[in-house]
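Accompanying notes for the structure given below.
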Amino acid sequence: MRSFLKATLIWTGIAAIGAVLVVGFGLYNVSARQGHLPGVSWVLHTAYRNAVRLRSPSEDEVPEISAPALIALGRGHYQDACAFCHAMPDQSRSQTALSMLPAPPHITDAVSDWDPQHMYWIVKNGVKMSGMPGWPSTKRDDDVWSVVAFLDAVKQAERPVSAAETDLAGIVQERDDEADQNSRIASIYQSGCGRCHGENGFADGNVLIPRLDTLPAAYIEASLQAYRSGARQSGIMQQAASQLSDEQIFEIAAYIAENGRDVSGEYQTGSLDPALVARGDLLAHGGDEKANIPSCISCHGPASRPKSDRFPPLAGQSEVFLREQLTLWKSGIRGGTDRAVMMHEAIPNLTEDDILALAQYYASLPSGR
Ligand code: HEC
Ligand code: HEC
Ligand code: HEC
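Using our numbering, you'd call the opening residue of the sequence shown number 1050 and step up by one each time.
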């Protein structure tokens, strides 16, 4: 027994000295140009795969992710935030991406082994010590599903997005060419923002992406700053805004506001419920004194001109977007500019039905500034 203890002590001592040499003196080569020691890759990779399976939500928690609008939104974010590592489905990875260790798998391989709930976990949390980043927003993860929708579309069909992508590549190319004559800022908008928000800010009618063509410049500028600082949370917009300087934010906001309205820009309103719209109309105009809900009109219109260039007009905005924002306000997640406090006071007593009615009312109005 004694000799066993002695042997254990000696081996523990040797292991400790070994660890000090390896860690303390930098003997383990962390160069990405050399692979891990035999076995280390296997251990890390197996730990990673098992951790993802253990922690992912259950299959039942996966929402509907086949809607084209959701896939389009996810593709827009993927192009900007992921493609430089994983490549687009019909592109190959850059040599720099291939020189990472582990190298980011090509998108078509990255999705092949995982179900949507696993992809959700990976995209939300990232993978430590691998270069795979976590989701930019710490308070909100509903928008992660748009990226999962795109990944799943890539998985479902071998090249489901290639046609759209070719179009997209065409648009970006064309716009880049035009940019020779147009201003630098127009080109930043068209290639960086227009991919989601559309050429004129109407997002080609995608109801998940707010229209910008009705918003005043000062509100757009302040909102971009709020996304960039994290005061307003959205993994998608925090990523997009993080790449802009103060000056670019100012110029882009002015560009959007001056760029004119999309004349074809009205959402389909056929599915709105007239009874709800009428209820929303009453509430928006009169508020509800008993429930301490102010009239929305006093700040948001409808009016021929915005009530203030720091208040977003809501008329003709997408119903889905309005409902989502009101729900975020109510749950305390929606921050924004230094005027956001006005909404924090206006919102707490709205019920879910009020939210639905108000969103339907504003969506039913013709868009106007
Ligand atoms: C800086 C490079 C980088 C960026 C940017 C990046 N990833 Fe990754 N990603 C990786 C690496 C490296 C791995 C491999 C992790 C591992 O195997 O340990 C990975 C793994 C993955 C996987 C799992 C693949 C598998 O085979 O297990 C998915 C899915 C994925 N990434 C999706 C995304 C999405 C979506 C985005 C954008 C929101 C993104 N990645 C952004 C580097 C990146
Ligand atoms: C990947 C798609 C995508 C890209 C790229 C993108 N946006 Fe957005 N944008 C969105 C979505 C989705 C929202 C709603 C986010 C939220 O819930 O707050 C949004 C919200 C906004 C808002 C707030 C609108 C409001 O009514 O409050 C502004 C302003 C905006 N984007 C401007 C831009 C600008 C400028 C760029 C380019 C630098 C850009 N966006 C790039 C998808 C995108
Ligand atoms: C005292 C003025 C005020 C009142 C009253 C008010 N709001 Fe707001 N609202 C604001 C301001 C300011 C913002 C922009 C905040 C920010 O993002 O910083 C805003 C933002 C919003 C947004 C997000 C719009 C977008 O494009 O992101 C919605 C939706 C909204 N309000 C709905 C309502 C509704 C519905 C009511 C009535 C129940 C209401 N508001 C009452 C001032 C007000």
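Just so you know, even glycine gets a beta-carbon here, dropped at the ideal spot from N, CA and C.
If you're wondering where the values come from, they're calculated on a predicted model, not measured in any experiment.
Look at L1371: its beta carbon is at least 7 Å from all of the heavy atoms in ligand 2.
When the beta-carbon positions are compared, C1245 and G1365 stay at least 8 Å from each other.
Shown here, V1111 sits in coil according to DSSP, grouped into three states, outside any helix or strand. Across the structure, L1375 and P1343 are spaced so that their CA atoms are roughly 14 Å apart. For E1394, the enclosing alpha helix (DSSP H) has its first and last residue at A1389 to A1395.
In the three-state DSSP reduction, V1197 falls in the helix class (H, G or I).
Nearest C-alpha to G1175 among A1130, G1241 and A1327: A1130. The beta carbon of C1134 sits closer than 6 Å to those of A1146 and P1153, all from its chain and outside the five residues before and after it, given in chain order.
Pairing Q1083 with W1163, the inter-Cα distance amounts to about 28 Å. Under the three-state reduction of DSSP output, I1063 falls in the helix class. In the same chain as G1180, and ignoring 5 residues on each side of it, the C-beta atoms closer than 6 Å to its own belong to M1149, in chain order. Taking Y1276 as reference, the option from A1065, K1188, E1373 and L1399 with the minimal CA-CA separation is K1188. Ligand 3 has a heavy atom closer than 7 Å to the beta-carbon of T1386.
Excluding five sequence positions before and after L1363, the CB atoms of its chain that fall closer than 6 Å to its own CB belong to H1349 and Y1411, given in chain order. Rounded to whole angstroms, the Cβ separation of R1372 and I1396 is 13 Å, and the two are not in contact under 8 Å.
Just measuring C-alpha positions, the residue of G1243, A1280 and S1278 sitting nearest Y1304 is G1243.
Counting only residues of its own chain and dropping the five nearest sequence neighbours on each side, Q1274 has a CB closer than 7 Å to the CB of I1298. Annotation: A1267 to L1332 spans about 27 Å, alpha carbon to alpha carbon.
Short of 8 Å from the beta carbon of A1136, and not among the five residues preceding or following it, lie these beta carbons of its own chain, in chain order: R1142, S1143, A1146, H1155 and I1156. An exposed status is given to Y1077, since fewer than 16 other beta-carbon atoms sit within 10 Å of its beta-carbon.
For A1306 against P1265, the beta-carbon gap comes to about 6 Å, under 8 Å, which counts as contact. Per the DSSP secondary-structure output, M1181 pairs in a beta bridge with V1176. In this structure, Q1409 and L1321 form a Cβ contact; the two beta carbons are roughly 5 Å apart against a cut-off of 8 Å. The Cβ neighbour count for S1115, taken over all protein chains shown within 10 Å, is under 16; the residue is labelled exposed. In the structure shown, D1402 adopts helical secondary structure according to DSSP, grouped into three states. A straight line joining the alpha-carbon of D1253 with that of S1232 spans about 23 Å. L1200 is a Cβ neighbour of V1160, given a cutoff of 8 Å. DSSP, read as helix, strand or coil, puts D1158 in helix. With contacts defined as CB atoms closer than 8 Å, P1165 and V1193 fail to qualify as a contacting pair. K1356: not part of any alpha helix (DSSP H); DSSP gives it neither H nor E. Counting the other CB atoms within 10 Å of its CB gives T1263 a total of 16 or more, which places it among the buried residues. If you look at D1295, you'll find it in the alpha helix (DSSP H) that goes D1295 to E1307.
Excluding sequence positions up to five before and after F1370, its CB lies within less than 6 Å of the CB of P1259, all in the same chain and listed in chain order. Within the chosen limit of 7 Å, ligand 2 reaches the beta carbon of S1283 through at least one heavy atom. Ligand 1 approaches M1181 closely enough that one of its heavy atoms is under 7 Å from the residue's Cβ.
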